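Residue numbers (the numbering used here): 1129 to 1495. In what follows, a single structure is set out as structure tokens and then discussed.
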């Protein structure tokens, strides 16, 4: 309930502010009127394949072809541009571009040379000037866009503040509304971050708390393991020397793991209702041994153990012990050779002694 209330307040506070802009926009439209008189047009231009209905709809057209204008001042300034569709008061009113579609009051209102745009919803792409190939579906979608192109905004206020950003995708209410000039972003149910580029954001902290993605479980693939940092960013831990500085042997640093205390446990019921027995470490205990083995949350509190680092330290300790065993085996081998040599010497001496003893006994017997 708390997060829902916050989301509603966000919406309530935002929309009246934007609605206030409709008044000056309407006044701007009235400013086009000579003597505030409008001409109600209704008909079709068969020779140019145009159709129009509404006060001053397509009234300035000269050679533009294949246009449809329905609503007050829709496609009002269009003269020689073609294949545009404007449905709604002020839709594409200042347009001089081609192949635009605007459905909704003031949709693409201020568009001039921008082409191949689609705006569905009140004030969608209202400030677009030369931006091309944009798709805006929803109330105030891509509202501030001027020259940005190839953007897709689906949802009320999606990409609301984008101005020059290129190739962004936003899905959901107010999705990507913080973006302004960034390019190549995908925001689904997330407000995004101003000016960032090439980033995918899905969901909102505090609203979405679990994630299920089909087609993962049971599918075997090879490659690097995916990890998640405290900010929720997905990635892989690169191992190439190209990405590393200050490379040096681990030496005694790995001995810290000898003080760790492995435990058995069960996750709390709300995390794992099945109560499956688990085996591992406790982050707070590990922190006392070596803070570098702990990953922290956004508040800086211990969150989980860096098991990949523990594994590397285990490998180092194993190799150290392995080398000790090899040294011991080499010593044993040397000692065995020495024993074998001594044994052979003793056997030789013993044999010589027996021969000497036998010869002595023979001499004594002859006497």
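From the three backbone atoms N, C-alpha and C, an ideal C-beta is built for every residue, glycine too. Values in this document were obtained by computation on a predicted structure and should not be read as measured data.
Asked                                                                                                                : Found
Environment of residue 1204 [buried if 16+ CB atoms lie within 10 Å]                                                 : buried
Helix, strand or coil at residue 1336 according to DSSP, with G and I counted as helix                               : coil
Beta-ladder partner(s) of residue 1248, from DSSP                                                                    : 1231 and 1265
Within 8 Å, strictly: CB atoms of residue 1192 and residue 1169                                                      : no
With 16 other Cβ atoms within 10 Å as the buried cut-off, status of residue 1163                                     : Note on residue 1163: pLDDT 44, under 50, position unreliable in the model; no value is reported.
Contact between the segment 1246 to 1255 and the segment 1267 to 1276 (3+ Cβ pairs under 8 Å)                        : yes
Residue 1278 beta carbon less than 8 Å from that of residue 1295                                                     : yes
Nearest-angstrom beta carbon gap, residue 1391 and residue 1409 [assumed within contact, 8 Å]                        : 7 Å
Delimiting residues of the alpha helix (DSSP H) encompassing residue 1414                                            : 1411 to 1417
Residue 1434, DSSP secondary structure in three states                                                               : coil
Span of the beta strand (DSSP E) around residue 1393                                                                 : 1391 to 1393
Rounded distance between the beta-carbons of residue 1284 and residue 1298, thought under 8 Å                        : About 11 Å separates the two Cβ atoms, so there is no contact after all.
Sequence-distant residues of the same chain with beta carbon closer than 6 Å to residue 1237, five excluded per side : 1218, 1221 and 1254
Distance CB(residue 1310)-CB(residue 1286) smaller than 8 Å                                                          : no
6 Å CB neighbourhood of residue 1434 in its chain, flanking five on each side removed                                : 1421 and 1423
Residue of 1394, 1369, 1432 and 1382 minimising C-alpha distance to residue 1357                                     : 1432
CB of residue 1225 within 8 Å of CB of residue 1235, strictly                                                        : no
Assigned exposure category for residue 1232 - 16 Cβ within 10 Å defines buried                                       : buried
DSSP-derived helix/strand/coil call for residue 1297                                                                 : strand
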